[in-house]
Structure formats: structure tokens, C-alpha cells
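Enquirer:
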Ligand code: PGA
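Residue numbers (the working numbering): 2 to 264.
1) Comparing alpha-carbon positions, which option in 132, 227, 105 and 199 lies nearest residue 6?
2) How long is the line joining the alpha carbons of residue 39 and residue 123, rounded to whole angstroms?
3) Tell me whether residue 71 sits in a helix, a strand or coil according to DSSP, three-state version.
4) Please confirm whether residue 185 and residue 70 have their CB atoms less than 8 Å apart.
5) With a cut-off of 8 Å, do at least 3 Cβ pairs link the region 144-152 to the region 172-187?
6) To the nearest angstrom, how far is it from the Cα of residue 34 to the Cα of residue 229?
7) Going by other Cβ atoms of all chains shown within 10 Å of its Cβ, with 16 needed for buried, is residue 159 buried or exposed?
8) Hey, would you say the C-beta of residue 150 is under 7 Å away from at least one heavy atom of ligand 1?
9) Could you check where the alpha helix (DSSP H) with residue 14 kicks off and where it finishes?
10) Please name the residue in 65, 12 and 22 whose C-alpha comes closest to that of residue 46.
11) Based on Cα-Cα distance, which residue from 180, 85 and 128 lies nearest to residue 194?
12) Grouping DSSP H, G and I as helix and E and B as strand, with all else coil, what is residue 49?
13) Residue 177: buried (16+ other C-beta within 10 angstroms of its C-beta) or exposed?
14) Cα-Cα, which of 105, 8 and 143 is closest to residue 240?
15) Take every Cβ of the region 125-139, pair it with every Cβ of the region 201-215, and state whether three or more of those distances are shorter than 8 Å.
16) On the DSSP bridge assignment, give the partners of residue 185 in chain order.
17) Roughly how many whole angstroms lie between the Cα atoms of residue 205 and residue 164?
18) In three-state DSSP terms, what is residue 104?
19) Can we count residue 41 as close to ligand 1, meaning its CB is less than 7 Å from some heavy atom?
20) Using the Cα positions of residue 51 and residue 110, report the straight-line distance between them to the nearest angstrom.
21) Measure the alpha-carbon distance for residue 22 versus residue 169 and round it to whole angstroms.
22) Report the option in 25, 132 and 126 whose CA atom is closest to the CA atom of residue 37.
23) Beta-carbon separation of residue 108 and residue 75 under 8 Å?
24) Return the chain-ordered list of same chain residues with a C-beta closer than 6 Å to the C-beta of residue 3, the five sequence neighbours on each side being excluded.
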């Protein structure tokens with residue numbers, strides 16, 4: 002794992018945008034880049050920065066495909082808080098990606114297991130995800146893999162913890178409106194992406210980040226599964242790094258990053 006501690010949210014977003022940009026430019030020469038997109042508030046600044054680079058620097062997503070991490074079950078796709086709507090408004094509207102090249106679990110599917118299997122197949126048929134952006138929940142979830150999630154799980158339905166529903170309430174008119182169920186890429190599905198980029202901002206994430214990066218690999222902290230992945234970049238601000246025992250070493254390693262080693 003490479004753990005990068007930046008001064009503030011803007012610097013976290015800029016580095017994550019650098020990683021996505023490099024993937025998009027490299028993927029253009031191959032079959033087209035395949036991006037894994039996260040929702041929640043943390044990655045929004047990455048999408049805004051990529052939108053700026055599209056507008057001002059000509060960064061093109063015309064050949065990109067994208068897959069969402071998760072979706073609420075039972076929320077109409079047209080609802081402004083469905084993750085398809087969020088990605089359409091917060092990412093696709095800012096760049097030139099083909100909206101039909103963005104896939105996500107269908108939260109309105111009648112047969113949820115069949116839709117989950119379709120989704121894993123679709124990712125595999127696209128050749129797998131090149132760069133997967135991840136947020137982290139205060140309970141250690143990635144995607145919506147709540148504590149207790151199998152470390153090798155596939156896309157499936159999950160029941161949100163009360164803590165996650167409380168954390169998500171700010172996006173809805175009232176806390177009761179937050180759905181109880183979601184469909185999420187499993188931890189095994191996420192682990193098949195070639196590069197995982199986990200982002201965290203603020204003191205509220207410090208415990209979860211410490212557990213994910215320095216704690217035992219455990220279903221109790223699903224994000225800890227990133228320790229088993231060969232290519233992970235954790236990009237966090239100072240506040241989210243507050244619980245890390247080896248923070249000074251991570252800063253030192255970043256400052257002495259070999260010049261030939263890119264992101
Ligand atoms: P947040 O959510 O980015 O809104 O903090 C992250 C998550 O729950 O995965």
C-alpha cells in the first residue's frame with residue numbers, strides 16, 4: 002500500500018484526479034479506460050477537478066466506460082439520490098463520457114440476485130476495472146460492504162447499519178427516507194480492480210482509516226481487505242491520518258518516492 006497524507010481536501014482531490022487522468026490517457030491507447038466510480042461526498046471534488054481538466058485542458062473521457070460501486074435498492078433510478086443520478090449529475094455532466102457507457106447495479110430490479118450476477122459479469126466482460134475510487138464509511142465499509150461482509154463477496158444485496166443510515170441522512174429529506182437495503186460490489190469484486198484508490202477526509206474517518214490500514218485484515222473492518230491487494234493508494238488529509246501510528250513513516254516514504262515510480 003502507498004499511503005499519502007496531504008494537507009487538505011483540495012490536495013487529496015488533485016492527487017486522485019492525477020491517478021484517474023493517467024489511467025484515462027493510458028487506457029485510450031488500449032481498449033478504452035474502465036473507471037470504478039464511488040459516490041458519497043468524498044470523491045465529489047475529484048469529479049469537479051476532472052471536469053475542470055476536461056474543460057480547460059482537453060482531458061477526454063470519450064472512450065471511457067465506468068461502473069458504480071453500489072446503489073440503493075428500491076429507490077427509483079430517477080430519484081436525485083439514486084447513485085446513478087448522483088454520478089450523472091456530479092461526474093458525467095462535467096465531462097464527455099458517453100452516459101450509456103456508465104453501468105451500475107439496477108436498484109429497481111425485481112430479481113436482485115440475477116441483477117447482482119449480471120453486474121459482476123458486465124464488469125468482467127468490460128475487461129475489469131482499471132482504477133477504482135473508494136470512500137470509506139465511519140464503520141469501515143467500502144462500497145456498502147458493512148462489517149461482517151465476506152472478504153471474497155460478490156455483488157449482492159446488503160442491509161445498511163443504523164450508523165450508515167444516519168451518516169447518509171444528510172442527503173435525504175429525513176433519516177427515515179434512507180433505504181435499508183443496497184446492492185454493492187462485493188469485497189472480492191472490488192479486489193479485482195487493478196488499482197484501488199481509497200480517499201478519506203476529516204477527523205470522523207480517522208478511526209476507520211487506522212483500522213483499515215494498520216489493523217488486522219478482518220470482516221469487522223471491511224476496508225482492511227485492501228491490505229491483500231497488490232496495488233493500493235490511500236490518499237487522506239491530515240485529519241483522517243490522525244489515528245495512524247506510522248504516519249511519519251508514510252510521509253517520509255512519500256517524500257522519498259523513487260523518481261521513476263509514478264502513481
Ligand atoms: P462519504 O461516504 O464520502 O460521504 O464520507 C463514504 C462512504 O460511506 O463510503
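Using N, Cα and C, we set each Cβ at its ideal position, and we do this for glycine too. Everything numeric in this text was worked out from a predicted model, so none of it was measured.
Expert: Based on what the coordinates show:
1) Ranking the options by Cα distance to residue 6, first place goes to 199.
2) Residue 39 and residue 123 have their C-alpha atoms roughly 17 Å apart.
3) Strand at residue 71.
4) Yes. Within cutoff.
5) Yes, the region 144-152 touches the region 172-187.
6) Each residue's alpha carbon lies about 24 Å from the other.
7) Residue environment: residue 159 is assigned as buried (16 or more neighbouring CB atoms within 10 Å of its CB, all protein chains considered).
8) It does not: the Cβ of residue 150 is nowhere closer than 7 Å to a heavy atom of ligand 1.
9) Under the DSSP assignment, residue 14 falls in the alpha helix (DSSP H) whose first and last residues are 10-28.
10) Nearest option by C-alpha distance: 12.
11) Nearest of 180, 85 and 128 to residue 194, Cα basis: 128.
12) Residue 49: helix per DSSP, three-state reduction.
13) Residue 177 is exposed by the Cβ-count criterion.
14) Comparing Cα-Cα distances from residue 240 to each of 105, 8 and 143, the minimum goes to 8.
15) Yes: the two stretches touch, three or more of their Cβ pairs being nearer than 8 Å.
16) According to the DSSP secondary-structure assignment, residue 185 is paired through a beta bridge with 71 and 157.
17) In this structure, the straight-line span from the alpha carbon of residue 205 to that of residue 164 is close to 13 Å.
18) In the structure shown, residue 104 falls within a strand segment according to DSSP collapsed to helix, strand and coil.
19) Yes, Cβ of residue 41 sits closer than 7 Å to a heavy atom of ligand 1.
20) Approximately 31 Å, taken between the alpha carbons.
21) The straight-line gap separating the alpha-carbon atoms of residue 22 and residue 169 is approximately 29 Å.
22) Among 25, 132 and 126, the Cα nearest to that of residue 37 is on 132.
23) With a cutoff of 8 Å on beta-carbon distance, residue 108 and residue 75 are scored as near each other.
24) If we look at residue 3 and ignore the five residues flanking it on each side, its Cβ neighbours are 234.
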